[in-house]
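J.: The structure follows.
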Amino acid sequence: MFESTLRADYPWLTAGAPIVIGAPMMRISMAKLSVAVSAAGGIGFLAAGFDLSGLSGDLTQVRDLLKSITITTKDDILPIGVGFQNWGADMQLAINALAEHPVAAVWFFAPKQLSDLMAWTKVIRESSGGRTKIWIQVGTVGEALEVAKTSKPDVLVVQGSDSGGHGIAQRASIVTLLPEVADVLAKEGVSTPLIAAGGILDGRGSAAALALGADGICLGTRLLACEEAVIAKGYQDEILRVSDGGVSTVSTKIYDAVRGIQGWPDAYTGRGVANQSYLDHLQGMDDVENAALYKGAVEQGDAGWGPSGRMTTYAGTGVGLVTSVKAAREIVTEVQRDAVSILSRSASRFAQGLRNRL
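Count the sequence shown with numbering that gives the first Met the number 0 and you get residues 0 to 357, in order.
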């Protein structure tokens, strides 16, 4: 495990506590949320996505927020990361924004080809003088091994099938994916910190991921219900309403189709709460008609969400564990505290049993 590497690179991380990451959720994880997670002793990622036209302005807002917060950092870089959806992101815009506002890390995800990330990694490392660390998200063992050997990231984010939003359609849950990735990389002599993502919402999931060998854990769906998230009330209310996420969420391409988003690599789908757009899609409705109905739902505002609504609610299978809206700091601290408590109790419990048998 390589937790010490992360602590050296990100000196503001809470000492003695599990490393918590805030996922770069598109249009939701913006300046306030990314700063709040880092201020709580985690690493917050701002979502740049595929449209980088507003990135410089977003990072200016981050810098302004940090004026009233004390966070231990180094090299005068912003103590947050920026997440890119590489299939559509403009490299030059990224370089320009990060030159003006250097950040502690970048998170690459969903390139058209994995080999594309080699160029992204090279240019960010060179332009930042190595100060900005490279994180790459993967969804399969094969991806992890290829990326580790070619792009040589500083961190791998291993995303399991329970995650909300976009990911590779055919992949395993974090329970089997992360340990297999760890084993394969170790066999190949690759030493890279691993962050577990997908289905982690509280201290229990965090403790499980750490036991699997993760160096840190990533929160996504849980942070949809935090005070700093940029999220419509209808969306957030739906997150609080939905339960039994293995049944109530689906992995599909229809939510991109109705919103007119094109460009995602073929292997990717998006997990969200099943709604009327999805149900009509299953019944054979044409995407054009479905998209027109979606536009009508947009005009309804918050009323466009709900069981019979059409507004997209990206969320993971653990959505039923989200029952209240809290500040990001409270969520991060609670996850850290509960994970430590669970791991400590488990260690004591089984250590005593082992002593009794010897």
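Glycine included, every Cβ here is placed at the ideal spot set by N, Cα and C.
#1: What do you get for Leu281, buried or exposed, if any count of 16 or more other CB atoms within 10 angstroms of its CB means buried?
#2: Give me, in chain order, the residues of the same chain whose beta-carbon lies closer than 8 Å to that of Gln235; leave out the 5 immediate sequence neighbours on both sides.
#3: The alpha helix (DSSP H) that contains Trp119, what's its start and end?
#4: Checking the sheet assignment: what are the DSSP bridge partners for Ile341?
#5: Taking the continuous alpha helix (DSSP H) assigned at Gln60, which residues delimit it?
#6: Out of Phe49, Lys132, Pro78 and Thr59, which has the shortest C-alpha to C-alpha gap to Ala35?
#7: Tell me which same chain residues have a C-beta within less than 8 Å of the C-beta of Val137, skipping the five on either side of it?
#8: Please state whether DSSP places Pro17 in a helix, a strand or coil.
#9: Compute the distance between the beta-carbons of Trp106 and Pro17, then report whether it is under 8 Å.
#10: Grouping DSSP H, G and I as helix and E and B as strand, with all else coil, what is Ile216?
#11: Short check: CB of Gly233 to CB of Gly164, under 8 Å?
#12: With the cut-off set at 8 Å, would you say Val331 and Ala39 are in Cβ contact?
#13: Determine, using beta-carbon pairs with one atom in the region 93 to 113 and one in the region 126 to 137, whether at least three such pairs fall under 8 Å.
#14: Using only CA atoms, which one of Gly141, Thr316 and Arg26 lies nearest to Gly198?
#15: Across which residues does DSSP place Tyr293 in a beta bridge pair?
T.: Looking at the coordinates:
#1: Result: exposed.
#2: Leu223, Ala224, Ala228 and Val324
#3: Residues Asp115 to Ser127.
#4: Beta-bridge pairing links Ile341 to no other residue.
#5: Leu54 to Leu65
#6: Ranking Phe49, Lys132, Pro78 and Thr59 by Cα distance to Ala35 puts Pro78 first.
#7: Excluding sequence neighbours, Val137 sits near Ala143, Val146, Leu155, Val156, Val157, Gln158 and Val180.
#8: coil
#9: no
#10: strand
#11: Gly233 is not a Cβ neighbour of Gly164, given a cutoff of 8 Å.
#12: yes
#13: yes
#14: Nearest C-alpha to Gly198: Thr316.
#15: Looking at the DSSP assignment, Tyr293 forms no beta bridge with any residue, so it has no partner.
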